[in-house]
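For the sequence shown, the working numbering begins at 406 and goes up steadily by one. In this text, a Cβ means the ideal position worked out from N, Cα and C, and glycines have one as well.
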Amino acid sequence: MIMAITLYGIPNCDTVKKARTWLEEQEIAYTFHNFKKDGVSQELITTWLADIAWDTLVNRKGTTWRNLPEQRRAKITDAVSATPLMIENPSIIKRPVLFTGKNTYVGFSDELYQRIFNQ
Numbered sequence: 406m407i408m409a410i411t412l413y414g415i416p417n418c419d420t421v422k423k424a425r426t427w428l429e430e431q432e433i434a435y436t437f438h439n440f441k442k443d444g445v446s447q448e449l450i451t452t453w454l455a456d457i458a459w460d461t462l463v464n465r466k467g468t469t470w471r472n473l474p475e476q477r478r479a480k481i482t483d484a485v486s487a488t489p490l491m492i493e494n495p496s497i498i499k500r501p502v503l504f505t506g507k508n509t510y511v512g513f514s515d516e517l518y519q520r521i522f523n524q
């Protein structure tokens, strides 16, 4: 059985809202971690990177990424260079991040969450 579920994200993000609604409708207990308010640590990101490629975790389609200076973007080439950026600017992290106590997933779709929770 899955336990210690944590959903990481920003409360006003539409995709995070959809994930929270889905979990609540399925009556799946979870803890919400607002990484704008509560931040993210090196350890947390390292845990995520065990399951997720850095270039999946860094949202390179979002406004936060586009607003970075070109020189800074050019230096983000691997997990080592991406980690400090995610710590300093959690808005750059693709949302939501779901940790099931065992595995980490990024993004939300009904199909993905059904697959995760019906294993």
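Boundaries of the beta strand (DSSP E) around L412: T411 to G414. Of all C-beta pairs linking the segment 419-435 to the segment 451-469, fewer than three are shorter than 8 Å, placing the two stretches out of contact. According to the DSSP assignment, T509 belongs to the beta strand (DSSP E) that extends over T509 to V511. Going by C-alpha positions, R478 is about 8 Å away from W470. If the five residues before and after L503 are omitted, its C-beta is found closer than 6 Å to the C-beta atoms of L412 and Y510, all from its own chain and listed in chain order. Rounded to whole angstroms, W459 and I497 show a C-alpha spacing of 11 Å.
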